[in-house]
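Be aware that the sequence shown starts at 1225, since it is given in our numbering, and climbs by one per residue.
Just so you know, even glycine gets a beta-carbon here, dropped at the ideal spot from N, CA and C.
Take a look at the structure set out below.
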Amino acid sequence: MGEQSGEAPTPDDNLLLQHKQIAESIEMIRLKKDQLLRTLRGLSENENPDRDLMAKLVDAFDTMTAQENSFLAVLKNIVQIHEQATNDVAKENDELAKNGNDLGSEQSQVVRNEIQQNKDEGNEEDDDLIRETLKELEQVSMQALAAAELNEKLVETLQRHKKNRALMLEMRKDKAEMLKTAANAAMVEVKKAKKEVSINRAELQKKQREADELRKAALKAGIQVGANEQKQKKILWKRVGNRLGKIYGRKRNEGSM
């Protein structure tokens, strides 16, 4: 077991490992794409969607789709190269082995050595191809990571945008309630003032009518008083005249005697 654990991984082992890594990267990208779609769907349902943010999310989705396709192409390339190299080496070895059966022992050994050399060269070629593929895979992985980080930032921005919008709407709602309450109170005061003005106007009109009636009554009473005074004066003067006439008549009578 110890000797096996110390053995270097074969190209097939590397291929299986990288195949797993590529599959995980593709799965991660697809999860991020689903998250982007949900985010875009949520933005589109708003009354006033943030179109700039939606455009950035669409760009991020397209970028991740391109990266997903790159991963798939790399995976397909690895498999095709490995299969082709394996088939070529196997075919060449079969031909050498077939030819070796018809040769002597020394020549057969040469053939076997060549077969082993072909295997080693095939392994080296596989290693080179895998290293090149891994380099390409690393670049694509870095792009996928950058896109994932961008997506997370966009999601954070969206959440912050939603939170701020909810807070703003709540503040507007509170302000609207306050304005409505103030408007209702002002309306009550206006109605109360109108009612008081109406009552005061009616009271003033009533007092005005009473004053007019009193003025008319006073005027009428004054006329009657004036007429009675004239009548009394006439009666008085008549009495005075009669009195004086009697006095003068008596004096004349006494003088004639």
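Segment contact flag, the segment 1252-1263 with the segment 1275-1295, C-beta cutoff 8 Å, min 3 pairs: yes
Among Asp-1258, Ala-1410 and Leu-1296, the one whose alpha carbon lies nearest that of Ala-1284: Asp-1258
Assumed close pair Met-1278, Leu-1264 - CB separation to whole angstroms, cut-off 8 Å: 6 Å
Status (buried if at least 16 other CB within 10 Å, exposed otherwise) for Leu-1428: exposed
8 Å contact criterion, which Leu-1281 and Pro-1273 should meet: CB distance rounded: Between Pro-1273 and Leu-1281 the Cβ distance is about 11 Å, and since that is not below 8 Å, they are no contact.
Candidates Asn-1301, Leu-1296, Arg-1262 and Ser-1422, of which the one nearest Glu-1248 by Cα: Leu-1296
For Glu-1394, three-class secondary structure by DSSP: helix
Outcome for Ile-1246 when other beta-carbon atoms lying within 10 angstroms are tallied against a minimum of 16: buried
Cα-Cα separation, Lys-1415 to Asn-1388: 40 Å
Met-1483, buried or exposed, once every other Cβ within 10 Å from all chains shown has been counted against 16: For residue 1483 there is no data in the structure shown, the boundaries of the chain being 1225 and 1481.
CA-to-CA distance, Glu-1420 to Ala-1435, given in whole angstroms: 22 Å
Distance between Glu-1269 and Arg-1275 (C-alpha atoms, nearest Å): 12 Å
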